[in-house]
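Notes follow the structure.
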Amino acid sequence: MTGGSISLLALLVLPFLGSFLSVFLLNTSSRRLPAGLAGVVTLASLLLTAINYPAVSGGGVVYYKLQWLPQLGLDFTLRMDGFAWIFAMLVTAIGLLVVLYARYYMSEEDPVPRFFSFFLAFMGAMLGIVISGNVILLSVFWELTSIFSFLLISYWHNSAAARDGARMALTVTGIGGFCLLIGLILLGNIVGSYDLDKILASGDIIRAHPLYLPALIFILLGALTKSAQFPFHFWLPNAMAAPTPVSAFLHSATMVKAGVFLLARFWPALSGTWEWFWIVGAAGIITLLLGAYFAMFQRDLKGLLAYSTISHLGLITTLLSLGSPLATVAAIFHMLNHATFKASLFMAAGIIDHETGTRDMRRLSGLFRFMPFTATLAIVASAAMAGVPLLNGFLSKEMFFAEAVETHADSILDRILPYVATLAAAFSVAYSLRFIHTVFFGPPPHDLPVAKPHEPPRWMRFPIELLVVLCLVVGIIPALSIGPFLHTAVVSVLREDTPEYSLAIWHGVNLPLIMSAIALAGGVAIYVLLKDYFARCDDGPPIFRKLKGQRIFERILVEVSWRWARIAEQRLGTRRLQQQLRWVVVMGFAAGLLPLYLRGFQSRPFTNSGIDPVFATLWAIGICLAIGTAYLAKYHRLAALIMLGGVGLIVCTTFIWLSAPDLAITQLLVEIVTTVLILLGLRWLPKRSEGFGETMTLRSRFRRFRDFALAVVCGVSMSLMAYAVMTMPVPDAIANYFLENAYSLGGGRNVVNVILVDFRGFDTLGEIAVLGVVALTVYALLRRFRPADDSMGMPEQQQIQNRFDEERPERSAGDTVRDYMLVPSVIMQWLFPVVITFAVYIFMRGHDLPGGGFSAGLTLSIAFLLQYLAGGTRWAEDRIRILPLRWMGAGLLTAFLTGAGAWLFGYPFLTTHSRYIELPLIGKMPAATALLFDLGVFSLVVGSTVLILVALAHQSIRINRLRAIETAKSEEA
1 MTGGSISLLA LLVLPFLGSF LSVFLLNTSS RRLPAGLAGV VTLASLLLTA
51 INYPAVSGGG VVYYKLQWLP QLGLDFTLRM DGFAWIFAML VTAIGLLVVL
101 YARYYMSEED PVPRFFSFFL AFMGAMLGIV ISGNVILLSV FWELTSIFSF
151 LLISYWHNSA AARDGARMAL TVTGIGGFCL LIGLILLGNI VGSYDLDKIL
201 ASGDIIRAHP LYLPALIFIL LGALTKSAQF PFHFWLPNAM AAPTPVSAFL
251 HSATMVKAGV FLLARFWPAL SGTWEWFWIV GAAGIITLLL GAYFAMFQRD
301 LKGLLAYSTI SHLGLITTLL SLGSPLATVA AIFHMLNHAT FKASLFMAAG
351 IIDHETGTRD MRRLSGLFRF MPFTATLAIV ASAAMAGVPL LNGFLSKEMF
401 FAEAVETHAD SILDRILPYV ATLAAAFSVA YSLRFIHTVF FGPPPHDLPV
451 AKPHEPPRWM RFPIELLVVL CLVVGIIPAL SIGPFLHTAV VSVLREDTPE
501 YSLAIWHGVN LPLIMSAIAL AGGVAIYVLL KDYFARCDDG PPIFRKLKGQ
551 RIFERILVEV SWRWARIAEQ RLGTRRLQQQ LRWVVVMGFA AGLLPLYLRG
601 FQSRPFTNSG IDPVFATLWA IGICLAIGTA YLAKYHRLAA LIMLGGVGLI
651 VCTTFIWLSA PDLAITQLLV EIVTTVLILL GLRWLPKRSE GFGETMTLRS
701 RFRRFRDFAL AVVCGVSMSL MAYAVMTMPV PDAIANYFLE NAYSLGGGRN
751 VVNVILVDFR GFDTLGEIAV LGVVALTVYA LLRRFRPADD SMGMPEQQQI
801 QNRFDEERPE RSAGDTVRDY MLVPSVIMQW LFPVVITFAV YIFMRGHDLP
851 GGGFSAGLTL SIAFLLQYLA GGTRWAEDRI RILPLRWMGA GLLTAFLTGA
901 GAWLFGYPFL TTHSRYIELP LIGKMPAATA LLFDLGVFSL VVGSTVLILV
951 ALAHQSIRIN RLRAIETAKS EEA
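The sequence shown maps to residues 1 to 973 in the working numbering.
Below is the structure:
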């Protein structure tokens, strides 16, 4: 692990750390502190990227690798080659300029710390895409960019346009990200590894595989949705409701560039086939032309720039589709050039909006006399976008024309490409010229929200100045300025296929130069002819004006999420729990029957090895209790709960009988906790009276018989399966491995606990995360729960007791209940420290003897349950500050950090270490790092259980409050 590799980890972690620290500045009204923090983080990220150039400049690759699940090929691998380096430089450098720009753009009335928190997290996600060395890790960061872009686009969430644009962007790119994950999984299965290096080196194997086409389609769906390529281009213009710094960052170096980055990244492995050429080429050519055509007719400055971005991304996509190394060089070159002039143009548009109060080009004119410096910078950047000579956009456009006239495939796409390229370039000149002439020349503006526009603050304009200088420098001396860096990026993508290419600004009079001249002249002619029409036309292009992407998207969304969902609910759904359970049981039975049907089922003769009469009697009682529970569950819930608890105790006894003390302890504790929680919940269920509303029709009798038959069939099948498993010869299974290595590798003699916290620790981590999610869900549902009207009143027994107390002057309502509970409540309060001590004892012995974090967590939860039962909700919470959410967060974090700690010593995630330690007065004591993991399990179990308890207990408080309000209203009336 070298210094360079450590810098990759720092580069990835630093933006997320800065995002986290920005949260603590949420109460700050000043822009300086959050902008300063973001600037320091971004500058540090830029420097961390820059120092890796010597390592990648000669075709080298810098790695940082942490083992996660090496057996499955899932490792936390960071990888930086020349292409990743130049993209990381693009992300961090433009990110630094955007931070400086946003410092002056954002209002102090905005929650600026929240903006920079989202911004830094988004930058970190984009850097994760760029430097991921494992494709599954790449897909994780891919989805993170969708999530954080959603937060940035909806930053001004009071605006309906911002909310709609953010939802559209998240929906389209999120679905694309899911498709990408499927494609990457298929790609990993083809190659046999998810490592990016191995995938890039297996191009021939991938292209010859039967799964190539499905993998290609899914990966391209992810890339094309992210880069807003046809037919997914509609989301990008609607994302313009975001603050301008966000738009500048998204369009130049991050969000939309992720798609074309992915296409270039996987170009060695996926390109060179007809499928690649047709899918990528068709999407790119259509997007190139439509984006340029739409841009000419936009009234919003940012709308014009958004469609121009779509068009230029189509240009890059078209180049990557051609399968030519020279075209790939041109694509990479244009990614860099587009980033510089597009970021500067968006910032210029933001300045115009900031200083005039509008982006509507019908209201803007003659701004050159008010802000000459900004106007000059915007004119130069627009000229670069149009491909004017001696600017960087001209060079990559010339390379595009040179590739367009070459023959790459005998197809209609290849033949029309020169004409489409020239026409799209002419459109590009036209909308650039419209931007320049309409906004900066002509009569002075009138009817502006701001009376007199003026130049922005000096440092707000500085990022544009720097980017425009880069456009000029690269356009005039490309070989000396961008040449070495471009070569580094190209070599890392093409390797031995790297062609000879020239960045000279003059290649003589040739066909690409003639195409450029035609495009420039044609663009000027288009603007001159349509200038008056542009000034008075409605927003949007002719022919396609009424074809609104947002409207189509919303209709599809309504159709799928409302109408189709309603139809599916009517056909398949039900609000009756019985029918839902029936489907669960049927699907479970089918899932168990299917492998037996496919693999064959061999019956075994029944062998009676002797049944202990005591054990048989115990199970007969359990069966009777289970049947009684089912019979009484509808009308006699308390009796059914008591019987259900009896079934649990018999299962617990069975575990003891079969020498499974760990399971017995867990079962007993679970029975205690769940019985009390269900008992608290029964109070709020609607009342049912036997015989009320019962109409035993033929249909209802058939339904009952069907459900009974289904229950019998599934129950008997499970019994037979269990019998077959228990009577068949024990195979050489993994259980033997656990038994033999629990002490030597896990440091514990309790094999069950060692499996949970060591051998299968990753499963346990996922399970406690699910437990936390379930607890939060239950809490959220109970907070919104309102019981039925017939459950609002006091129970009849409590009413009788209260009447008895109120009839006697020396007593008050509730005294009888307190008298009944006096001795039990004192005992339960005294038991509190005893149960806590017992919980610690169970926890500490768990690695060698029955116990562990889960059992100890349930035990401590019982201690809290007793306090709530003894003194009531208010009494308990006045004396005990439990804070279950913190217990849950601390537990999950502790478990994760315990697993991540193994990385510090070069071991895979959740690798444990055990040894004996010497303690004073105690002597040698076994200790394992799994104890810390078990501590996380313990904390989360306590927090989750108590959170559900709090939700149920507070229901009584809310009901009492409602009763008091209703009583007060009735007294007033």
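For each residue, glycine too, the CB sits at the ideal point set by N, CA and C.
All of these numbers come straight from a predicted model, not from anything done at the bench.
Secondary structure of Q67 (DSSP, three-state): strand. In the DSSP secondary-structure assignment, R163 is not bridged to any residue.
By the Cβ-count criterion, D934 is buried, with 16 or more other Cβ atoms from all chains shown falling within 10 Å of its own Cβ.
Here F400 is not near M335, since their CB atoms are 9 angstroms or more apart.
For S139, the closest of S149, G128, F441 by C-alpha to C-alpha distance is G128.
Our two residues, F333 and L69, have alpha carbons roughly 37 angstroms apart in a direct line. Across the structure, L367 and H437 are spaced so that their CA atoms are roughly 10 angstroms apart. The C-beta distance from A900 to F909 rounds to 7 angstroms, short enough to fall under 8 angstroms. For D819, the uninterrupted alpha helix (DSSP H) run begins and ends at 815 to 845, by DSSP. In the DSSP assignment, D75 falls within the unbroken beta strand (DSSP E) covering 74 to 80. Taken in chain order, the unbroken stretches of alpha helix (DSSP H) that lie wholly in the region 757 to 788 and span 4 residues or more are 761 to 783. Counting along the chain, L919 sits inside the beta strand (DSSP E) bounded by residues 914 to 919. L8 and L885 have their C-alpha atoms some 34 angstroms from each other.
Between the region 509 to 521 and the region 285 to 303, the count of Cβ pairs shorter than 8 angstroms is below three; the stretches do not touch. Taking every protein chain shown into account, the CB of H312 has 16 or more other CB atoms within 10 angstroms, so this residue is buried. Here Y212 is buried. Its C-beta has 16 or more other C-beta atoms within 10 Å. Here A928 carries a strand assignment [DSSP, helix/strand/coil]. Within a 10 Å sphere around the beta-carbon of H454 sit fewer than 16 other beta-carbons, which makes this residue exposed. Put simply, the region 134 to 154 does not touch the region 534 to 541. Fewer than three CB pairs are less than 8 angstroms apart. In terms of Cβ geometry, S5 and V98 do not form a close pair [threshold 9 angstroms].
For the options D81, A383, T317, the alpha carbon positioned closest to that of T225 is the one of T317.
Exclusion of the five residues before and after D447 leaves R363 as the residues of its chain whose Cβ lies within less than 7 angstroms of its Cβ.
Under DSSP, the beta-bridge partners assigned to D360 are D300. Taken through DSSP and simplified to helix, strand or coil, D805 comes out as helix. Judged by their CB atoms, F249 and M123 are nearer to each other than the 9 angstroms cut-off.
The region 461 to 472 makes contact with the region 341 to 357; the number of CB pairs closer than 8 angstroms reaches 3 or more. V942 is positioned such that its CB atom lies closer than 9 angstroms to that of F864. In this structure, L263 is the residue among A228, G165, L263 with its C-alpha nearest to the C-alpha of L200. Under a 10 Å Cβ-count criterion, E671 is classified as buried, with 16 or more other Cβ atoms of the shown protein chains found around its own Cβ.
When Y533, N741, G82 are compared, the shortest CA-CA separation from R299 is found for Y533.
At least 9 angstroms separates the beta-carbon of M106 from that of P15.
DSSP lists D195 as the bridge partner or partners of N134.
Where W459 is concerned, the enclosing alpha helix (DSSP H) starts and stops at 458 to 476. No residue range can be given for R545, since it is assigned to no alpha helix (DSSP H) and is classified by DSSP as neither H nor E. Between the region 18 to 37 and the region 72 to 83, the count of C-beta pairs closer than 8 angstroms stays below three; the two stretches do not touch. Per DSSP, the continuous alpha helix (DSSP H) segment holding W267 begins and ends at 267 to 270.
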